[in-house]
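Residue numbers (the numbering used here): 92 to 168.
Reviewing the structure listed below.
Given below as structure tokens:
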């Protein structure tokens with residue numbers, strides 16, 4: 092699928108719940124998370140899924156994070 096060793100970890104999902112997300116649009120929340128993970132993202136991450144919620148949003152949700160779709164190998168293949 093990818094040009095990486097079998098078992099390599101290149102697909103990640105992070106769930107972040109923070110009061111710092113209050114009043115921020117989803118894109119701004121994702122940018123904050125990406126900035127925090129900047130160093131780690133330079134090491135061959137192929138896919139990153141981010142769930143970024145305020146504590147109130149998390150508490151009012153069912154606290155279930157949906158599965159990510161299967162990887163199609165990049166570039167929509």
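Positions of the beta carbon are idealized from the N, C-alpha and C atoms, including for glycine.
All values derive from a computational prediction rather than experimental measurement.
By the neighbour-count criterion, in which 16 or more other beta carbons inside 10 Å mark a residue as buried, residue 143 falls on the buried side. Between residue 128 and the set 113, 106 and 147, the nearest pair of CA atoms involves 106. Counting along the chain, no beta strand (DSSP E) covers residue 117; the unbroken alpha helix (DSSP H) around it starts and ends at 117 to 127. Taken atom to atom, the span from the alpha-carbon of residue 120 to that of residue 148 is near 13 Å. When secondary structure is reduced to three states using DSSP, residue 151 falls in the helix class. Cβ atoms of residue 104 and residue 140 come within 8 Å of each other, at about 4 Å.
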